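One structure below.
2 protein chains.
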Amino acid sequence: MSASLEIFGITGIGEIHARDDLAGIIATAVTEHHGGLRDGDVVVVTQKIVSKAEDMLVAVDPDDPLAHKELVERETVRVLRRRGDLVISETKHGFVCANAGIDLSNVERGWAALLPEDSDRSARRIRDGLRARAGVEVAVIVSDTFGRTWRKGLTDVAIGCAGIGAIVDYRGTTDAQGRELQVTEVAIVDELAGAADLVLGKATGMPVAVIRGVDASWLRTGNVHDEIVRPPAEDLFR
Amino acid sequence: MSASLEIFGITGIGEIHARDDLAGIIATAVTEHHGGLRDGDVVVVTQKIVSKAEDMLVAVDPDDPLAHKELVERETVRVLRRRGDLVISETKHGFVCANAGIDLSNVERGWAALLPEDSDRSARRIRDGLRARAGVEVAVIVSDTFGRTWRKGLTDVAIGCAGIGAIVDYRGTTDAQGRELQVTEVAIVDELAGAADLVLGKATGMPVAVIRGVDASWLRTGNVHDEIVRPPAEDLFR
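As you go down the protein sequences, you meet chains A and B in turn. 1 is the number of the first residue of the first sequence in the working numbering; add one for each residue after it. 1001 is the number of the first residue of the second sequence in the working numbering; add one for each residue after it.
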């Protein structure tokens, strides 16, 4: 566990366009406005700017009510539930979420942002770029906003990560009474993504946060796809 | 949104017993070890010590493999899925979780901790006690560890809160492009509970964290039961 954490949003990141160098933009903003990145920082980058930088915007006729729906169908490999306009579906990445993860907020009218092709790879690229530019060993999380089956409201979770384990496994450790812990696998990247959202908000256009002070043992090779995405065969609700 | 946050675990909270004055113990520990609580702090208290203080421990024969199972059935109002020893069920509080929220970790062998009868009320009592003892206006969240339907690993979420809205509603606000936001209702108490877990860990016996710096507009009357628990009629997966 971490003794204490500091979380802050990064100011000075402007509008992102296709093929922008996200790592360079983030490194510059943190240096100019926040005294620079440090070894062990966790950099949380919201999906929208990753999709923009990776040219994942697609045109959607804003006057055709079916256009967004058709796009959702195209990005869906399995529909779990429908109610009215809401579709809960599995994307080709394995995520189960509303509307195949396609959100029209914070992109220009007439456009929609698809999820990155491989958000773990996106996180690795940003991490490599930050190491090259800032000379620091940091972790990177790509976050997105998902709903929950039995709880109202949305929270940010990790859709990709690099330089940090997605899960911390306490299996084999014992509690204060010497009894083996039942709760063993904590999805720290999801808790970190949600924590970052607390300083980002939704309407502000502030798309990157830094979390400082995480336990050094968490900083290892890791990824969301293998550690977090539940395979359909293990799923009780698909 | 909050500009920046600080999160720290509270040292000096010992073993909790039935009818202990949790607010008094927390106020003393924060004063002795962390310079005291401040107005606007969010105090996150893990469910286990709330259940202990509220005398929600029940005896379970540790040598009878059916004893824990029978207890889970007793606390369940509706079973959603079973697989092997795992039961996903709805508790009388409306939570959908594994094993009716009953965990044997960090309680003495031969005992199990049930969920508090009403975790929102528990949070209000702790908040009232902190106001009376420390003279500060803080928010209180009672947290517990839940799994997720389509994601592996567990995260801490809020099962009760007081002095803070469970949800922040961005409905009617517009994004940086002037378009109305699609993502509107953020479950901030769940993001705060998960953030607190990052400094608490599971094996350490550190059961309380403080989050400092949250947006002042979040501090209002609120509760988990009405704002977060999804009624079965609105649920697509029950």
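Note that the Cβ used here is the ideal one computed from N, Cα and C, for glycine as well. Computed from a prediction, not measured in an experiment: that's the story for all the values here.
Alpha-carbon spacing of residue i relative to residue j, whole angstroms
i	j	result
I1049/B	W1218/B	25 Å
G1153/B	E185/A	5 Å
E6/A	L1066/B	45 Å
Y1170/B	L200/A	13 Å
E1108/B	S143/A	39 Å
V1168/B	F146/A	15 Å
R1082/B	N1223/B	30 Å
T155/A	A1187/B	6 Å
I102/A	G129/A	27 Å
G1213/B	I1088/B	36 Å
F1008/B	T28/A	29 Å
R1239/B	E1090/B	Past the boundaries of the shown model lies residue 1239/B; chain B is included only from 1001 to 1238, so the question cannot be answered.
R121/A	D226/A	13 Å
G1084/B	G1036/B	47 Å
A98/A	L86/A	7 Å
N1106/B	H1017/B	12 Å
Closest residue to residue i among the options (Cα-Cα distance)
i	options	result
D1041/B	D1235/B, R1238/B and R1131/B	R1131/B
Q47/A	G160/A, I167/A, G213/A and L192/A	G160/A
R1019/B	G1036/B, M1056/B and H1033/B	M1056/B
A1053/B	P1116/B, R1212/B, F1008/B and F1095/B	P1116/B
I164/A	L114/A, H33/A and D215/A	D215/A
V1208/B	A1003/B, I1025/B, H1017/B and S1004/B	I1025/B
I1228/B	H1017/B, S1119/B, G1084/B and N1099/B	S1119/B
V1072/B	V1140/B, R1151/B, G1084/B and A1100/B	A1100/B
A3/A	W1150/B, R1074/B, M1206/B and C1097/B	M1206/B
D1064/B	G1036/B, S1051/B, D1021/B and G1110/B	G1110/B
Within 8 Å, strictly: CB atoms of residue i and residue j
i	j	result
A1112/B	V1044/B	no
A166/A	V138/A	no
A195/A	L1104/B	no
A1193/B	A1158/B	yes
A23/A	R133/A	yes
V136/A	D61/A	no
F237/A	F1237/B	yes
H1034/B	I1010/B	yes
V140/A	V30/A	no
W1150/B	D21/A	no
Burial state of residue i (16 or more Cβ within 10 Å)
i	result
A1233/B	exposed
E15/A	exposed
H1093/B	buried
R230/A	buried
T173/A	exposed
T76/A	buried
E1191/B	buried
V1079/B	exposed
R1220/B	exposed
L1114/B	buried
R1074/B	exposed
Tell me which residues of the segment 118–137 of chain A have at least one Cβ-Cβ distance to chain B shorter than 9 Å, keeping chain order. Per Cβ criterion, the list is empty.
So if I threshold CB-CB distances at 9 Å, which residues from the segment 1092–1105 of chain B count as touching chain A? Within the segment 1092–1105 of chain B, the qualifying residues are G1094, F1095, V1096, C1097, N1099, D1103, L1104 and S1105.
Within 8 Å of chain A by C-beta, residues of the segment 1150–1179 of chain B in sequence order: W1150, R1151, K1152, G1153, L1154, T1155, D1156, V1157, A1166, I1167, Y1170, T1173, T1174, D1175, A1176, Q1177 and R1179
Give, in chain order, every residue of the segment 14–47 of chain A whose Cβ lies closer than 9 Å to some Cβ of chain B. E15
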